[in-house]
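**Q** Right, I'll just put the structure down here and ask away after.
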Amino acid sequence: MKNEQLTHDTFLHHLNEPQQQAVLHESGPLLVIAGAGSGKTRVITSRIMRLLSKNTVIPQQIVALTFTNKAAGEMKERIAAQSAHHARQLFIGTFHSYCLYLLKVHSSRIGYETFSILDADDQLQLITSILKKTGSQKRYSPKNLMHQISLLKCNDYHQDRDAFMDPFVKQVLMMYEHEKKLSKCLDFDDLLLQILQLFKTDSSFKEFHQQAVRHLLVDEYQDTNRVQHELLKQMALTPGGDFAIDSLCAVGDEDQSIYSWRGATVANILEFKTDFPDTKMVTIAQNYRSAEPILQVANHIIKYNLQRTPKQLWSTKEGADRVRIVTCVSSYQEGELIAHGIKQLRTHQQLNSIALLYRAHYQSRTLEEALIRHSIPYVIIGGIQFYERKEIKDLLAYLRLLVNPFDRVAFARIINCPNRGLGDVFVEEFFAVWDQQPFWQFYEVANHLIEQSLIVPSKRTALKQFIHNMNSCSTTSNAHDAIEQLIKKIDYFDYLKHAFDLEQAHEKIENCKELLRATKHFDDIGISSITDFLAQVTLMQEKAQKNEGEQRVHLMTLHAAKGLEFDTVMLTGLEEGVFPSPHAQHQLESIEEERRLLYVGITRARERLLITHVRYRSSFGTTTDQVASRFLSEMPDHLAQRADASFWHEHQLKQFFSNWLGTTTAVKTHIRTFGTKTEPEKSTAPAQNVRAATIACTFQLNQPIKHAKFGIGIIKHIDKRSDDDVVLTAQFKAGLKKIKSSFVEKI
């Protein structure tokens with residue numbers, strides 16, 4: 155019996171014309187290109203409700219596929235709000251959950267009456283055991299191999315192993331598949347591949363499924379991989395390529411395809427009309443999220459991509475001065491600018507509605523430190539705070555043990571990191587001796603175990619090497635040098651490459667490099683000893699914990715921001731080699747995905763968008779010039795207010811945001827465009843204060859300068875000894891130097 159609530163008005167209420175076209179589409183394949191913020195979930199759920207309102211469709215004939223359980227849950231809730239009865243009978247879920255359902259129902263067809271599913275830990279354990287059997291555990295990373303195998307399988311390359319596989323990867327894959335078969339186990343990729351194989355080889359199953367499921371809906375089609383795309387073809391088409399079911403509705407946006415590293419391919423949505431003949435296409439371009447000026451910037455950026463269907467997002471939400479692009483002198487000033495901005499914004503909006511977005515996790519460090527200094531609560535979405543990350547805690551534990559040989563917690567953390575064959579049994583033996591001699595340093599315990607031959611030779615050798623590595627680092631050296639030496643001595647980067655997949659290892663190595671940059675920065679401002687540095691880190695962590703509250707600024711990578719929206723978005727680090735990332739700079743397809751990633755970031759903003767980039771970044775003690783991201787030149791000047799904050803005072807930072815928010819009428823902030831000079835404002839201050847004010851404005855902390863002998867440097871301290879005598883302390887490549895201001899020039 156049909157639910158009385160399922161009337162025509164129910165599913166067409168508040169839909170615009172393109173949305174109605176998608177909902178009312180009767181039969182055949184339908185591709186809905188739904189731009190960011192265009193209400194695609196509403197379209198899918200309304201289409202389902204419309205199908206249910208027809209007397210010829212029953213709930214069991216409808217299958218809606220999504221990519222996350224969260225998205226599936228949201229759809230179910232919306233359907234249940236209209237008809238709880240129908241919501242229970244529909245299948246709305248992920249590709250993997252649907253294929254698992256089919257496998258359970260048709261297990262006899264694949265030769266498994268019962269089977270188990272391997273989770274990620276199970277897979278890793280199995281691949282590790284295979285590496286041990288081949289004697290290759292020290293040469294190959296289990297996580298890397300697991301990632302490679304998954305990518306190969308989700309792209310269906312397993313059918314042509316010779317063409318696509320490294321011989322060793324092929325060997326591991328064959329052994330991996332053999333072990334799974336013996337154990338009657340499937341991994342997540344197998345859930346899709348087994349059903350795909352069933353569709354291809356069992357005509358009765360294919361015919362049965364096409365008769366049972368008459369209406370397919372797929373969300374986020376731009377995120378499908380080759381196997382998922384092939385599955386949809388098998389579900390909807392006859393062996394001859396004719397359309398076999400009543401309708402297939404694919405909803406997506408190629409401009410938001412940002413997951414190629416997971417196996418997704420933008421080609422699936424671009425080639426949809428070719429693979430499904432007579433496809434009707436509907437484009438939904440009206441955006442219900444962002445102000446029109448923000449969308450205009452997004453439109454101008456994404457039009458440079460070649461792999462897309464042209465469309466122009468638009469909104470009835472008008473506004474002016476919604477996008478600003480600011481140049482900062484360094485990442486530290488960038489953090490200060492953003493912190494000042496948030497302090498101004500929090501008087502107008504909740505902290506929860508502000509997001510800081512960056513390309514890679516390592517970029518969060520200077521932003522976090524600035525927020526902590528200004529007592530601004532924050533939370534990292536899809537990650538953890540910089541100083542809480544595993545690799546950072548490992549290296550900090552080495553430092554702690556170096557300056558405090560009694561630190562048992564630090565010792566327990568690092569004694570087998572990287573793996574030295576000194577596992578749990580050894581640690582128990584070590585601490586048993588330490589408990590008997592509680593006033594011994596860890597060196598003394600270790601020497602006792604070695605000299606008394608209380609441990610086997612292999613462990614003695616490993617322990618001796620550990621002591622040698624620790625002794626080679628001086629406790630009186632600065633934190634930067636100590637960490638740099640430790641990373642080399644213990645081959646920490648090699649350990650990360652072996653222990654994690656390529657993407658994770660790269661991210662963790664970048665975090666370690668950022669830690670080195672942090673120690674160099676603290677050294678520059680006088681916090682150089684290991685003890686002082688560790689104390690500073692502890693104080694920052696303690697202050698960050700005190701700042702925690704319900705209202706917190708959101709920090710996240712651009713990938714983690716997908717699907718979210720905020721009143722104010724601050725996009726940081728738009729420089730070549732940062733965004734776009736260094737791995738994407740010379741490949742057209744990769745650059746296009748980076749541009750799509752920027753497009754996703756821009757379209758997260760509802761009211762305001764701030765974009766920042768810096769002139770200089772520190773790297774291992776040297777200051778390097780940064781080239782502004784190519785994407786900035788793709789943003790027309792008339793759409794974004796551009797400013798150079800390189801020489802701004804604190805009060806100018808405040809005025810900049812006050813002016814933007816419209817809260818200051820008496821004071822105007824000069825916005826200096828690139829390549830122009832700002833004329834000084836006339837002052838009504840007494841004459842005797844004019845010269846002092848002028849000197850104060852001439853040089854700023856973190857300002858870049860140039861010296862004839864020492865080259866480019868960054869100002870770290872300003873000493874105004876008289877109106878005409880200013881001494882600068884600046885960081886050059888050769889170190890800190892005190893120089894009279896008359897001997898340097900600003901750059």
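In the numbering used here, the protein residues as written are 155 to 901. From the three backbone atoms N, C-alpha and C, an ideal C-beta is built for every residue, glycine too.
What is the DSSP secondary structure of residue 355, reduced to helix, strand or coil?
**A** The sequence position of residue 355 within the sequence shown is 201, counting from 1. Helix, per DSSP.
**Q** To the nearest angstrom, how far is it from the Cα of residue 598 to the Cα of residue 660?
**A** Translated into the one-based positions of the sequence shown, residue 598 becomes position 444. Translated into the one-based positions of the sequence shown, residue 660 becomes position 506. Distance between the alpha carbons of residue 598 and residue 660 is about 37 Å.
**Q** So, with DSSP's three-state summary, where would you put residue 828?
**A** Here residue 828 is taken as the residue at index 674 of the sequence shown, counted from 1. Low local confidence applies: a pLDDT of 34 at residue 828 is under 50, so the model's placement there is unreliable, with the coordinate-based value given in what follows. Here residue 828 sits in coil by DSSP.
**Q** What do you reckon, are the CB atoms on residue 728 and residue 756 nearer than 7 Å?
**A** As a position in the sequence shown, residue 728 is number 574, starting the count at 1. As a position in the sequence shown, residue 756 is number 602, starting the count at 1. The answer is no: Cβ separation not under 7 Å.
**Q** Once you ignore the five residues that flank residue 277 on each side, which residues in its own chain have a CB closer than 6 Å to its CB?
**A** The residue labelled residue 277 in the question sits at position 123 within the sequence shown. Closer than 6 Å at the Cβ level, and outside the excluded window around residue 277, lie 300 and 341.
**Q** Does the beta-carbon of residue 352 have 16 or more other beta-carbons within 10 angstroms, so that it is buried, or is it exposed?
**A** Here the question's residue 352 lines up with position 198 in the sequence shown. By the 10 Å Cβ count, residue 352 comes out buried.
**Q** Identify every run of the beta strand (DSSP E) within the region 515–579, keeping only runs that are complete inside it and at least 3 residues long; order them along the chain.
**A** 532–534
**Q** Are residue 295 and residue 737 closer than 7 Å when you measure CB to CB?
**A** What you label residue 295 is simply residue 141 of the sequence shown in a count that begins at 1. What you label residue 737 is simply residue 583 of the sequence shown in a count that begins at 1. Cβ atoms of residue 295 and residue 737: not closer than 7 Å.
**Q** Excluding the 5 residues preceding and the 5 following residue 633 in the sequence, name in chain order all residues of the same chain whose CB lies nearer than 6 Å to its CB.
**A** What you label residue 633 is simply residue 479 of the sequence shown in a count that begins at 1. Result list for residue 633: 673, 684 and 687, in chain order.
**Q** Answer yes or no: do residue 170 and residue 440 have a C-beta to C-beta separation smaller than 7 Å?
**A** Here residue 170 is taken as the residue at index 16 of the sequence shown, counted from 1. Here residue 440 is taken as the residue at index 286 of the sequence shown, counted from 1. Cβ atoms of residue 170 and residue 440: closer than 7 Å.
**Q** Using a Cβ-Cβ cutoff of less than 6 Å, which residues in the same chain neighbour residue 186 once the five nearest sequence positions on both sides are dropped?
**A** Within the sequence shown, numbered from 1, the residue matching residue 186 stands at position 32. Excluding sequence neighbours, residue 186 sits near 176, 405 and 436.
**Q** Taking buried to mean at least 16 other C-beta atoms within 10 Å of its own C-beta, is residue 671 buried or exposed?
**A** Indexing the sequence shown from 1 puts residue 671 at position 517. The residue in question, residue 671, is buried, as its Cβ has 16 or more Cβ neighbours within 10 Å.
**Q** To the nearest whole angstrom, what separates the beta carbons of residue 548 and residue 569, a pair I think is in contact under 8 Å?
**A** In the sequence shown, the residue the question calls residue 548 occupies position 394. In the sequence shown, the residue the question calls residue 569 occupies position 415. Going by Cβ atoms, the distance from residue 548 to residue 569 rounds to 11 Å, so no, they are not a contact pair.
**Q** How far does the beta strand (DSSP E) with residue 397 in it reach, from first residue to last?
**A** In the sequence shown, counting from the first residue as 1, residue 397 sits at position 243. Residue 397 -> no beta strand (DSSP E), and no H or E assigned at all.
**Q** Check whether the region 493–506 touches the region 528–538, taking contact to mean three or more Cβ pairs, one atom from each stretch, closer than 8 Å.
**A** Because the criterion of three Cβ pairs below 8 Å is met, the region 493–506 and the region 528–538 touch.
**Q** To the nearest angstrom, how far is the alpha carbon of residue 287 from that of residue 654?
**A** Taking the sequence shown and counting its residues from 1, one reaches residue 287 at position 133. Taking the sequence shown and counting its residues from 1, one reaches residue 654 at position 500. So the alpha carbons of these two residues sit roughly 20 Å apart.
**Q** Taking the C-alpha atoms as reference points, what is the distance between residue 167 and residue 386?
**A** Here residue 167 refers to the residue found at position 13 of the sequence shown. Here residue 386 refers to the residue found at position 232 of the sequence shown. Going from the Cα of residue 167 to the Cα of residue 386 covers about 30 Å.
**Q** Quickly, what does DSSP pair residue 633 with across the bridge? List them, please.
**A** What you label residue 633 is simply residue 479 of the sequence shown in a count that begins at 1. None, per the DSSP bridge assignment.
**Q** Determine whether the Cβ of residue 529 lies closer than 7 Å to any Cβ atom of chain C.
**A** Absence of chain C from the displayed structure is noted, only one protein chain being present.
**Q** What separation, rounded to the nearest whole angstrom, lies between the Cα atoms of residue 789 and residue 233?
**A** The residue labelled residue 789 in the question sits at position 635 within the sequence shown. The residue labelled residue 233 in the question sits at position 79 within the sequence shown. Distance between the alpha carbons of residue 789 and residue 233: 41 Å.
**Q** Round the Cβ separation of residue 720 and residue 509 to the nearest angstrom and send it over; I've been treating them as touching at under 8 Å.
**A** Counting from 1 along the sequence shown, the entry for residue 720 is found at position 566. Counting from 1 along the sequence shown, the entry for residue 509 is found at position 355. Distance from residue 720 to residue 509 at the Cβ level is roughly 4 Å; contact confirmed, criterion being Cβ atoms closer than 8 Å.
**Q** For the beta strand (DSSP E) containing residue 512, name the first residue and the last one.
**A** For the purposes of this step, residue 512 is taken as residue 358 along the sequence shown, with counting starting at 1. Unbroken beta strand (DSSP E) run through residue 512: 508–512.
**Q** Any idea what DSSP makes of residue 821, helix, strand or coil?
**A** As a first step, residue 821 is located in the sequence shown; it is residue number 667 there, counting from the start. Note that residue 821 has pLDDT 35, beneath the 50 cutoff, so the model's placement of it is unreliable and the number below is only indicative. Residue 821 falls in the coil class under three-state DSSP.
**Q** Quick check on this structure: which residue in 369, 191, 376 and 281 has the alpha carbon closest to the alpha carbon of residue 329?
**A** Residue numbering aside, residue 329 sits at position 175 when the sequence shown is read from its first letter. Put simply, of 369, 191, 376 and 281 the residue whose alpha carbon is nearest the alpha carbon of residue 329 is 281.
**Q** Extract the residue ranges of the alpha helix (DSSP H) inside the region 778–809, only unbroken runs of 4 or more that lie entirely within it.
**A** If we require 4 residues or more, the alpha helix (DSSP H) runs fully inside the region 778–809 come out as 784–787.
**Q** Would you call the region 394–409 in contact with the region 448–465, where contact means no fewer than 3 C-beta pairs closer than 8 Å?
**A** yes
**Q** Which same chain residues, not among the five before or five after residue 888, have their C-beta less than 6 Å away from its C-beta?
**A** Stepping through the sequence shown from its first residue, residue 888 is reached at position 734. Taken in chain order, the residues that qualify are 864.
**Q** Using alpha carbons as the reference points, say which of 432, 499 and 458 lies closest to residue 723.
**A** Translated into the one-based positions of the sequence shown, residue 723 becomes position 569. Comparing Cα-Cα distances from residue 723 to each of 432, 499 and 458, the minimum goes to 499.
**Q** Below 8 Å, how does it come out for the region 608–622 and the region 579–588: are there three or more Cβ pairs, yes or no?
**A** Counting C-beta pairs closer than 8 Å gives three or more between the region 608–622 and the region 579–588, which meets the contact rule.
**Q** Grab me the residues of residue 493's own chain with a C-beta within less than 8 Å of its C-beta, minus the 5 sequence neighbours each way, in chain order.
**A** Counting from one through the sequence shown, the residue named residue 493 turns up at place 339. Contacts found: 524, 525, 527, 528 and 530.
**Q** For residue 747, count the other beta carbons within 10 Å of its own beta carbon; 16 or more makes it buried, fewer makes it exposed. Which is it?
**A** On the sequence shown, position 593 is the one that residue 747 refers to. Buried.
**Q** Would you report the Cα separation of residue 373 and residue 857, rounded to the nearest angstrom?
**A** Taking the first residue of the sequence shown as position 1, residue 373 is located at position 219. Taking the first residue of the sequence shown as position 1, residue 857 is located at position 703. So the two alpha carbons sit approximately 49 Å from each other.
**Q** By DSSP, does residue 873 sit in helix, in strand, or in coil?
**A** As a working mapping, residue 873 is identified with position 719 in the sequence shown. In the structure shown, residue 873 sits in a strand (DSSP, three-state: E or B).
**Q** For residue 303, collect the residues of the same chain with a Cβ closer than 6 Å to its Cβ; drop the 5 residues on either side in sequence, then sort them by chain order.
**A** The count along the sequence shown starts at 1 and reaches residue 303 at position 149. Counting only Cβ-Cβ distances below 6 Å, and skipping sequence neighbours, we find 327.
**Q** Does the region 366–382 come close enough to the region 213–226 that 3 or more CB-CB pairs lie under 8 Å?
**A** yes
**Q** Put residue 880 into one of helix, strand or coil per three-state DSSP.
**A** Here residue 880 corresponds to residue number 726 of the sequence shown, with the count starting at 1. Correct three-state label for residue 880: strand.
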